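Numbering-wise, the sequence shown is residues 1 to 337 according to full-length UniProt numbering.
Beta carbons are placed, not taken as given, at the ideal position from N, Cα and C, and that holds for glycine.
Predicted model only: the values in this text are computed from it and were never measured.
The structure appears right after this line, and notes come after that.
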Amino acid sequence: MKAIAYYQSLPINDPQSLQDIELPEPVAGPKDLLVEVRAISVNPVDTKVRQNVQPEGGAAKVLGWDVAGVVKAVGNEVTLFKAGDKVFYAGSIARAGGNSELHVVDERIVGHMPKTLGFAEAAALPLTAITAWELLFDRLQIKESQADLGQTLLIVGAAGGVGSILTQLASQLTGLKVIGTASRPQTADWVRGLGADLVVDHSQPLSEVLKKAGQAQVTHVASLTQTDQHLDQLVEALAPQGKLALIDDPKSLDVTKLKRKSLSLHWEFMYTRSLFETVDMLEQHKLLNRVAGLIDAGTLKTTVGEHFGVINAENLRRAHALLESGKAKGKIVLEGF
């Protein structure tokens, strides 16, 4: 089968950083689905793994943790899907990625694809939707109702992949006032279009721009990027006993700064359930089915920012380069081989 992989960590402008190769077709395990990959999307985790993880023993490493496709075959213990089902999922970071014609994935982290979307539009959603959902409802423990009316969520990096779906979830399903950050006019417009009540510029000191906007304090923060750079401003902006959640990888984080206000810290990593095969791993299947229902009902919309064409090494290198530039808006998708 066709696949895109790398053999050593290289800068993305090197033609060998991602290569078109041929690999044997994978075989589904007992709880696995064998999926014909129709579309993928690209996430910051792809660039981080490519830059920092050297393949073992000269083997090819396949990236890609967002897939939409069709089930070709199922393992003998599978109960949730059958051949021919359209599915979408983010996969497991402990297994080969989905940048290949065929892919195997545990059924417990797979959802039925939204009926109203094509494969490319669906592929934009799984990783970011799971991350945003778990961050909002599991980590920050916001209620899916109007119970948190009067409280405020600041989303740092609201125009990115996770921010684009988190802004929608918070504005559509909760009583929170949603404040998104964006540093360019086009990304600010994007965030407003997703339902943010207010957009502020994160290239300026955040506590100051919030005060100027009439929002001196917030009760919750979802810090999706550059948490270490913004930490002092976030602590200043958070109300006493507020909650700070993050998904990025700061080199260091001085959590003693949270003590004076009794702020709580929450880390979200959407691969935790699949990596450790937690007892509640099936929640990601349920979550994705719920997201599909919300998409089909018109409550949420896909977060495709750009379609980069067919799935090949050249187009994936372009996608990685845009993500590494920090200027991506929404999700980058690729479709077909």
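Considering just the uninterrupted stretch of the beta strand (DSSP E) at His266, what are its terminal residues? Against the sequence shown, residue 266 aligns to sequence position 266. Start and end: 264 to 267.
Identify whether Ala94 lies in helix, strand or coil by the three-state DSSP scheme. Position 94 of the sequence shown, counted from the first residue, corresponds to residue 94. Here Ala94 sits in coil by DSSP.
Drop a sphere of 10 angstroms on the beta-carbon of Glu277, count the other beta-carbons inside from all chains shown, and report buried for 16 or more, exposed for fewer. For this step, residue 277 is matched to residue 277 along the sequence shown. Exposed, because fewer than 16 other Cβ atoms sit within 10 Å of the Cβ of Glu277.
Could you give the first and the last residue of the continuous beta strand (DSSP E) run that contains His103? Start at 1 with the first residue of the sequence shown, and residue 103 comes out as number 103. Where His103 is concerned, the enclosing beta strand (DSSP E) stretches over 102 to 106.
Buried or exposed: where does Asn76 fall if 16 or more other Cβ atoms within 10 Å of its Cβ makes it buried? As a first step, residue 76 must be located in the sequence shown, where it is residue number 76. Looking at its Cβ environment, which holds fewer than 16 other Cβ atoms inside 10 Å, Asn76 is exposed.
Go ahead and pull the three-state DSSP assignment for Val110. Here residue 110 refers to the residue found at position 110 when the sequence shown is read from its first residue. Secondary structure at Val110: strand, using DSSP grouped into helix, strand and coil.
Out of curiosity, what's the CA-to-CA distance linking Val255 and Arg184? Translated into positions along the sequence shown, residue 255 becomes position 255. Translated into positions along the sequence shown, residue 184 becomes position 184. Going from the Cα of Val255 to the Cα of Arg184 covers about 30 Å.
Segments assigned alpha helix (DSSP H), at least 4 residues, entirely inside the region 106 to 166: 119 to 123, 126 to 133
Please confirm whether Pro26 and Val110 have their CB atoms less than 8 Å apart. On the sequence shown, position 26 is the one that residue 26 refers to. On the sequence shown, position 110 is the one that residue 110 refers to. In this structure, Val110 does not lie closer than 8 Å to Pro26 by Cβ.
The region 316 to 332 in contact with the region 110 to 120 per 3-pair CB rule at 8 Å: By the C-beta criterion, the region 316 to 332 is judged not to be in contact with the region 110 to 120, since fewer than 3 inter-stretch pairs fall below 8 Å.
Spell out a yes or no on whether the region 312 to 319 and the region 1 to 18 are touching, meaning 3 or more CB-CB pairs, one atom from each, closer than 8 Å. yes
Taking the alpha carbon of Asp249 as the point to measure from, which residue in Lys243, Pro24, Gln229 has its own alpha carbon closest? Here residue 249 refers to the residue found at position 249 when the sequence shown is read from its first residue. Looking at the Cα atoms, Gln229 is the closest of the given residues.
If we ignore side chains and look at the alpha-carbon of each, how far apart do Lys211 and Leu140 end up? Within the sequence shown, the letter at position 211 stands for residue 211. Within the sequence shown, the letter at position 140 stands for residue 140. Roughly 23 Å separates the two Cα atoms.
Helix, strand or coil for Arg260, going by three-state DSSP, please let me know. As a working mapping, residue 260 is identified with position 260 in the sequence shown. If DSSP states are grouped into helix, strand and coil, Arg260 belongs with coil.
Closer than 7 Å by C-beta to Asp296: which residues in its own chain qualify, once you throw out the five before and the five after it? Chain order, please. Taking the sequence shown and counting its residues from 1, the one referred to as residue 296 is at position 296. Non-local C-beta neighbours of Asp296 in its own chain, meaning closer than 7 Å and more than five positions away in sequence, comprise Pro114, Lys115, Thr116, ordered along the chain.
Spell out whether any CB of chain C is found under 8 Å from the CB atom of Gln141. No chain C is present in this structure, which holds just one protein chain.
Short of 6 Å in beta carbon distance, which residues of its chain neighbour Val162, apart from the five on each side in sequence? Order them along the chain. The sequence position of residue 162 within the sequence shown is 162, counting from 1. For Val162, where only same-chain residues beyond five positions count, the Cβ hits under 6 Å are Thr128, Thr131, Ala132, Leu224.
Does DSSP classify Thr278 as helix, strand or coil? For the purposes of this step, residue 278 is identified with residue 278 of the sequence shown, where counting begins at 1. The answer is coil: DSSP assigns Thr278 none of H, G, I, E or B.
Note down, in chain order, each residue of its chain lying with its Cβ closer than 8 Å to the Cβ of Glu283, except the 5 sequence neighbours on either side. For the purposes of this step, residue 283 is taken as the residue at position 283 of the sequence shown. Hits under 8 Å: Arg273.
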